[in-house]
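First the structure, in the form of structure tokens, and then the observations on it.
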Amino acid sequence: KAGVTQTPRYLIKTRGQQVTLSCSPISGHRSVSWYQQTPGQGLQFLFEYFSETQRNKGNFPGRFSGRQFSNSRSEMNVSTLELGDSALYLCASSSTGGFQETQYFGPGTRLLVL
Amino acid sequence: GENVEQHPSTLSVQEGDSAVIKCTYSDSASNYFPWYKQELGKRPQLIIDIRSNVGEKKDQRIAVTLNKTAKHFSLHITETQPEDSAVYFCAATPPSGNTPLVFGKGTRLSVIA
Numbered sequence: 573k574a575g576v577t578q579t580p581r582y583l584i585k586t587r588g589q590q591v592t593l594s595c596s597p598i599s600g601h602r603s604v605s606w607y608q609q610t611p612g613q614g615l616q617f618l619f620e621y622f623s624e625t626q627r628n629k630g631n632f633p634g635r636f637s638g639r640q641f642s643n644s645r646s647e648m649n650v651s652t653l654e655l656g657d658s659a660l661y662l663c664a665s666s667s668t669g670g671f672q673e674t675q676y677f678g679p680g681t682r683l684l685v686l
Numbered sequence: 057g058e059n060v061e062q063h064p065s066t067l068s069v070q071e072g073d074s075a076v077i078k079c080t081y082s083d084s085a086s087n088y089f090p091w092y093k094q095e096l097g098k099r100p101q102l103i104i105d106i107r108s109n110v111g112e113k114k115d116q117r118i119a120v121t122l123n124k125t126a127k128h129f130s131l132h133i134t135e136t137q138p139e140d141s142a143v144y145f146c147a148a149t150p151p152s153g154n155t156p157l158v159f160g161k162g163t164r165l166s167v168i169a
């Protein structure tokens with residue numbers, strides 16, 4: 573099976589703009605989670621979608637939002653970008669949606685906000 | 057909620073030596089503890105996990121131990137090789153299965169040939 577894919581791989585934006593990132597899970601996986609990775613902060617959970625419903629949400633401001641489509645592909649959107657949003661954004665998929673099973677990560681989208 | 061602390065943040069070892077990374081967690085209800093490895097420029101990948109009904113688990117040169125009383129778990133890598141150089145993340149989550157993993161901040165392991 574093909575692995576988790578993310579597009580685009582790199583993005584440069586300026587403050588105040590908005591951005592949309594895309595994640596395609598492994599075929600058959602119904603859960604998609606999003607994480608923000610910054611140096612020294614590790615992986616911080618943003619949200620999880622399962623069968624098109626947001627099931628969990630991390631402690632991020634409302635500028636961060638997401639959605640999931642019927643084919644399990646997911647998008648996340650960040651509005652009114654701030655310098656501190658510069659990070660690697662990773663998505664991960666799992667088959668049945670439990671966090672006690674292997675999370676398969678994508679390669680990430682590296683976002684730079686200038 | 058759960059809080060996971062990971063030490064050390066950086067670790068350098070000579071090739072062939074052992075490496076140990078430790079994590080502590082705060083929620084006594086947590087019962088699943090995976091470890092992920094992220095090589096430079098690559099995606100995190102699960103290398104080993106342990107559940108609270110087991111005290112130790114081994115997979116070739118990698119082992120994880122769990123002390124539920126003290127609420128800490130450790131990753132042990134023996135006979136380290138240059139390809140073990142990476143950032144390692146520990147994580148924890150409680151039994152519901154629907155509560156997201158809480159990750160430690162990572163340990164950058166460098167194996168010096």
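Chains as they are written, first to last, in our numbering: chain A, 573 to 686; chain B, 57 to 169. The beta-carbon is built from N, C-alpha and C at its ideal position, and this holds for glycine as well.
- Within chain B, partners of Glu624 of chain A - CB distance below 7 angstroms: Result: empty, since nearest Cβ-Cβ is about 16 angstroms, beyond 7 angstroms.
- Message: Against chain A, which members of the region 112-145 of chain B pass a CB distance test of less than 7 angstroms?
- Response: Hits within the stretch, in order: Phe145.
- Item | Ile133 of chain B - containing beta strand (DSSP E), residue span | For Ile133 of chain B, the enclosing beta strand (DSSP E) stretches over residues His128 to Ile133.
- From the DSSP output, in three-state form, read off Leu655 of chain A for me. Under the three-state reduction of DSSP output, Leu655 of chain A falls in the helix class.
- Item | Reference Cys146 of chain B; option with closest CA among A:Trp606, A:Gln613 and A:Ser651 | If we check each option's Cα against that of Cys146 of chain B, A:Gln613 comes out closest.
- Message: Could you check whether the Cβ of Val158 of chain B sits closer than 7 angstroms to any heavy atom belonging to the ligand GDP?
- Response: For the structure depicted, the ligand GDP is absent and the ligand set is empty, with no information on it obtainable.
- Item | 6 angstroms CB neighbourhood of Glu620 of chain A in its chain, flanking five on each side removed | Exclusion of the five residues before and after Glu620 of chain A leaves Ser605, Arg627 and Asn628 as the residues of its chain whose Cβ lies within less than 6 angstroms of its Cβ.
- Message: Please return the same chain residues whose Cβ sits closer than 8 angstroms to the Cβ of Gln675 of chain A, not counting the five positions on each side in sequence.
- Response: In chain order, Ser605, Ala664, Ser665 and Ser666 place their CB closer than 8 angstroms to the CB of Gln675 of chain A, counting only its own chain and leaving out the 5 sequence neighbours on each side.
- Message: Is the beta carbon of Leu157 of chain B closer than 8 angstroms to that of Phe636 of chain A?
- Response: Remark: C-beta atoms of Phe636 of chain A and Leu157 of chain B do not approach each other more closely than 8 angstroms.
- Query: Taking one C-beta from the region 135-142 of chain B and one from the region 637-655 of chain A each time, how about it: are there three or more such pairs within less than 8 angstroms?
  - Reply: With a cut-off of 8 angstroms, the region 637-655 of chain A and the region 135-142 of chain B do not count as touching, because too few Cβ pairs lie within range.
- Where do the N-terminal and C-terminal ends of the beta strand (DSSP E) with Gly638 of chain A fall, by residue? Under the DSSP assignment, Gly638 of chain A falls in the beta strand (DSSP E) whose first and last residues are Phe636 to Gln640.
- Query: So with Cβ pairs under 8 angstroms, would you call Leu593 of chain A a contact of chain B?
  - Reply: Chain B, which has no Cβ nearer than 8 angstroms to the Cβ of Leu593 of chain A, makes this no.
- Cα-Cα separation, Gln608 of chain A to Pro633 of chain A: Going from the Cα of Gln608 of chain A to the Cα of Pro633 of chain A covers about 13 angstroms.
- Query: Can you find a C-beta in chain A that's less than 8 angstroms from the C-beta of Arg164 of chain B?
  - Reply: Not an interface residue.
- Item | beta strand (DSSP E) segment containing Lys585 of chain A, residue limits | Judged by DSSP secondary structure, Lys585 of chain A falls within the beta strand (DSSP E) whose first and last residues are Tyr582 to Lys585.
- Can you tell me whether Ser130 of chain B is buried or exposed, with buried defined as 16 or more other CB within 10 angstroms of its CB? With a threshold of 16 other beta carbon atoms within 10 Å, Ser130 of chain B meets it and is buried.
- On the premise that Phe641 of chain A lies in contact with Leu691 of chain A, defined as a C-beta separation below 8 angstroms, what is that separation, rounded to the nearest angstrom? In the structure as shown, chain A starts at 573 and stops at 686, and residue 691 of chain A therefore has no counterpart that could be examined.
- Would you say Tyr81 of chain B faces chain A, with C-beta separation under 8 angstroms as the test? No, Tyr81 of chain B lies away from the interface with chain A (no Cβ there is under 8 angstroms from its Cβ).
- Hey, is Gly160 of chain B's beta-carbon within less than 8 angstroms of any beta-carbon in chain A? Yes, contact with chain A.
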